[in-house]
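Each remark here refers to the structure printed beneath this line.
There are 2 protein chains.
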Amino acid sequence: MVDLRARMAALAEEVEAALDRMLPAIDGPQARLQEAMRYATQGGGKRLRPFLTVASADLFGVPHARSVRVGAAIELIHGYSLVHDDLPAMDDALTRRGRPSCHRQYDEATAILAGDALQSLAFQTLVDPATHPDAGVRCALVAGLATAAGPYGMCGGQMIDLLAQGRALDLAQILELQRLKTGALIGFACEAGAILGGGSEPARAALLGYAADLGLAFQIQDDLLDVTGDAAVTGKDLRRDAAAGKATVVALLGIEGSRGRLAELRNSAFVHLERLGCDTGVLRAVFEFVISRSS
Amino acid sequence: MVDLRARMAALAEEVEAALDRMLPAIDGPQARLQEAMRYATQGGGKRLRPFLTVASADLFGVPHARSVRVGAAIELIHGYSLVHDDLPAMDDALTRRGRPSCHRQYDEATAILAGDALQSLAFQTLVDPATHPDAGVRCALVAGLATAAGPYGMCGGQMIDLLAQGRALDLAQILELQRLKTGALIGFACEAGAILGGGSEPARAALLGYAADLGLAFQIQDDLLDVTGDAAVTGKDLRRDAAAGKATVVALLGIEGSRGRLAELRNSAFVHLERLGCDTGVLRAVFEFVISRSS
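Which chain is which? The protein sequence lines are R and X, in order. Following this note's numbering, the numbering of the first sequence begins with 164 at its first residue and continues without gaps. Following this note's numbering, the numbering of the second sequence begins with 164 at its first residue and continues without gaps.
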């Protein structure tokens, strides 16, 4: 049995240190921007995406420092997306990770710029030779992250989510929305381990299959927490989906139906992992964690 | 004598076609996002940055299709920066290129997402093997563009600009602001030609020196147009700098003093170009164009 919480806590510290090295110093007349970039990415979060990258990379014997670095770069993208999603014109969220959201701590303009600069920094980090000695591998990482972040990934999903407010989406539409909004970046976090380690096509496909199930499960659990969770534990505003008339799996299948779907996704994910033919205990434990978390 | 306007018009068409191939099709439930990405980048603009990339690349015999592609990727970054700079929380501009700004044509959330997705697309484009067969060259391009766009480039400059509103900056501070806000991306547009063509260090330094002078001259001319220009010709809101109490070279040196500074920058730029030891007539003509343009 893997002690996942201890492992995640240890990795979160390493990611924190990696981010501290990557993020610009707070200096010069633009110091406010660098402060906001750090505020948005440091000191919080489960660091699930970096953990997935490291766990996947470990299957291929990738040096730890490399996978931590790539995981932290993914976290820069995740952090930028949270800052922009929280803006008044988007989800208008007041809190994030138990603190004021970035635009409330600073202001809207600074938050927009901090998100923009975090995205640039993520790609700058990936192409640095410190990421991997082979430029072809670095290019594959940039291509994968850019695709996951763009119109057929995270940004596309957020667009659909905004358009869906107050509309009745069917289950297929909701699943497509979540595949892009949350799934794409989680998928890349897993795939990045295989890219770093030169994994075979079947191995990459198995990891992506696992990640697709995990990403959807993550989102369903997020939606369940929005309905049943405790704001003091999750560190963010709750009951927002229903208030905004958002289409979610939980709204459509109900709480019990959603829990049943989580169990199905777990079975499917474990079948994908078995195909890898190696010890995937950590990735299995991540799945259990994601569907049982309370924050 | 180079017929610059004809050359720029011809290249603008090629850039338009390249953007059309790069930009995502308008399809799927997120079609609104793809529409806004196209609205923000197609059908307008002088395409100065791509022109600089192609003119610089021509010095090193780079295949035309490659430099056009890289120039168009830079234009994606430029386009995203205009969309975000025009937002109500930033410069609150109503028009751009003679049309409603992106957030007025769509809405703020769509404009934020379109800018974000354009940034991702720029990096996705650069790492594609179609950009250059050597992955090391592609990585150098991503590194250069990410640096030019980030906290020590464009985003940093925009932050300083926002903080400067209503404050009395001295000339050194204004020059630093503009070096980052406008200069960094123009610098990369020139340097990219040398990166694509494997130019020597002295050649890269000469191009960067030229670009620094050009970038500042471009901004001074922009500020002069804001004071003396015709909104029907420039296609954007004017007299906004003075209204916002913005610190500009023109506010500090006056119109005649600014024109004197343009002449000095021209001399300096041409000294840099002479160091290249080849026919730099096109880049000289670009400088003349930039300091004499009326839009």
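Don't be surprised by glycine CBs; every beta carbon is placed ideally from N, CA and C. Since we're looking at a predicted model, the values are computed, not measured.
For residue i, which residues does DSSP report across the bridge?
{"i": "residue 258 of chain X", "result": "X/263"}
Judging by CA-CA distance, which residue of the options is the nearest neighbour of residue i?
{"i": "residue 433 of chain X", "options": "X/409, X/176 and X/371", "result": "X/371"}
{"i": "residue 387 of chain R", "options": "R/375, R/419 and R/364", "result": "R/419"}
{"i": "residue 314 of chain R", "options": "R/340, R/362, R/274 and R/327", "result": "R/340"}
{"i": "residue 216 of chain X", "options": "X/423, X/252 and X/171", "result": "X/171"}
{"i": "residue 423 of chain R", "options": "R/304, R/316, R/409 and R/454", "result": "R/454"}
{"i": "residue 204 of chain R", "options": "R/219, R/224 and R/280", "result": "R/280"}
{"i": "residue 308 of chain X", "options": "R/283, R/252 and R/410", "result": "R/283"}
{"i": "residue 260 of chain R", "options": "R/208, R/273 and R/226", "result": "R/208"}
{"i": "residue 344 of chain X", "options": "X/227, X/194 and X/311", "result": "X/311"}
{"i": "residue 352 of chain X", "options": "X/230, X/169 and X/384", "result": "X/230"}
{"i": "residue 377 of chain X", "options": "X/269, X/426 and X/292", "result": "X/426"}
{"i": "residue 411 of chain X", "options": "X/362, X/450, X/457 and X/325", "result": "X/325"}
{"i": "residue 381 of chain X", "options": "X/346, X/356 and X/225", "result": "X/346"}
{"i": "residue 144 of chain R", "options": "R/166, R/285 and R/273", "result": "In this structure chain R extends from 164 to 458, so residue 144 of chain R is not present and cannot be described."}
{"i": "residue 336 of chain R", "options": "R/274, R/267, R/379 and R/210", "result": "R/379"}
{"i": "residue 450 of chain X", "options": "X/431, X/258 and X/417", "result": "X/431"}
{"i": "residue 384 of chain X", "options": "X/368, X/457, X/317 and X/355", "result": "X/457"}
{"i": "residue 323 of chain R", "options": "X/448, X/179, X/316 and X/191", "result": "X/191"}
{"i": "residue 272 of chain R", "options": "X/321, X/317, X/293 and X/181", "result": "X/321"}
{"i": "residue 334 of chain X", "options": "X/417, X/364 and X/292", "result": "X/417"}
{"i": "residue 331 of chain R", "options": "R/414, R/364, R/228 and R/189", "result": "R/414"}
{"i": "residue 292 of chain X", "options": "X/364, X/359, X/391 and X/175", "result": "X/359"}
{"i": "residue 195 of chain X", "options": "X/265, X/356, X/178 and X/177", "result": "X/265"}
{"i": "residue 348 of chain X", "options": "X/327, X/368 and X/316", "result": "X/316"}
{"i": "residue 354 of chain X", "options": "X/263, X/306 and X/389", "result": "X/306"}
{"i": "residue 189 of chain X", "options": "R/446, R/319 and R/369", "result": "R/319"}
Using the beta-carbon count (16 or more within 10 Å), is residue i buried or exposed?
{"i": "residue 254 of chain X", "result": "buried"}
{"i": "residue 249 of chain R", "result": "buried"}
{"i": "residue 276 of chain X", "result": "buried"}
{"i": "residue 245 of chain R", "result": "buried"}
{"i": "residue 166 of chain R", "result": "exposed"}
{"i": "residue 218 of chain X", "result": "buried"}
{"i": "residue 193 of chain R", "result": "buried"}
{"i": "residue 210 of chain R", "result": "buried"}
{"i": "residue 173 of chain R", "result": "exposed"}
{"i": "residue 443 of chain R", "result": "buried"}
{"i": "residue 329 of chain R", "result": "exposed"}
{"i": "residue 363 of chain R", "result": "exposed"}
{"i": "residue 464 of chain X", "result": "Absent from the model: residue 464 of chain X. The displayed extent of chain X is 164 to 458, so no value can be given."}
{"i": "residue 342 of chain R", "result": "buried"}
Can you confirm whether residue i, when its beta carbon is compared against all beta carbons of chain X, has any partner nearer than 7 Å?
{"i": "residue 431 of chain R", "result": "no"}
{"i": "residue 323 of chain R", "result": "yes"}
{"i": "residue 271 of chain R", "result": "yes"}
{"i": "residue 197 of chain R", "result": "yes"}
{"i": "residue 265 of chain R", "result": "no"}
{"i": "residue 360 of chain R", "result": "no"}
{"i": "residue 420 of chain R", "result": "no"}
{"i": "residue 279 of chain R", "result": "yes"}
{"i": "residue 318 of chain R", "result": "yes"}
{"i": "residue 296 of chain R", "result": "no"}
{"i": "residue 306 of chain R", "result": "yes"}
{"i": "residue 193 of chain R", "result": "yes"}
Is the CB of residue i under 7 Å away from at least one CB in chain A?
{"i": "residue 412 of chain X", "result": "Checking the listed chains, one finds no chain A in this structure; the protein chains it contains are R and X."}
Does chain R have any CB closer than 7 Å to the CB of residue i?
{"i": "residue 283 of chain X", "result": "yes"}
{"i": "residue 353 of chain X", "result": "no"}
{"i": "residue 299 of chain X", "result": "yes"}
{"i": "residue 248 of chain X", "result": "no"}
{"i": "residue 302 of chain X", "result": "yes"}
{"i": "residue 312 of chain X", "result": "yes"}
{"i": "residue 276 of chain X", "result": "yes"}
{"i": "residue 287 of chain X", "result": "yes"}
{"i": "residue 434 of chain X", "result": "no"}
{"i": "residue 253 of chain X", "result": "yes"}
{"i": "residue 328 of chain X", "result": "no"}
{"i": "residue 233 of chain X", "result": "no"}
Nearer than 6 Å: is that true of the beta carbon of residue i relative to any heavy atom of the ligand SAH?
{"i": "residue 418 of chain R", "result": "Here there are no bound small molecules, and the ligand SAH is not part of this structure."}
Can at least three beta-carbon pairs, one atom from the segment 181 to 197 of chain R and one from the segment 230 to 247 of chain R, be found at a separation below 8 Å?
-> Yes, the segment 181 to 197 of chain R touches the segment 230 to 247 of chain R.
Assess, as a yes-or-no matter, whether the segment 221 to 238 of chain R is touched by the segment 188 to 201 of chain R under the definition of 3 or more beta carbon pairs within less than 8 Å.
-> Inter-segment contact for the segment 188 to 201 of chain R and the segment 221 to 238 of chain R is absent: fewer than three beta-carbon pairs are separated by less than 8 Å.
With contact counted as at least three CB pairs below 8 Å, one residue from each stretch, are the segment 291 to 306 of chain X and the segment 295 to 304 of chain R in contact?
-> Cβ pair count under 8 Å is three or more, so yes.
For the segment 435 to 450 of chain X and the segment 357 to 377 of chain X, state whether three or more C-beta atom pairs, one from each stretch, are separated by less than 8 Å.
-> Touching, yes, given that three or more Cβ pairs across the two stretches are closer than 8 Å.
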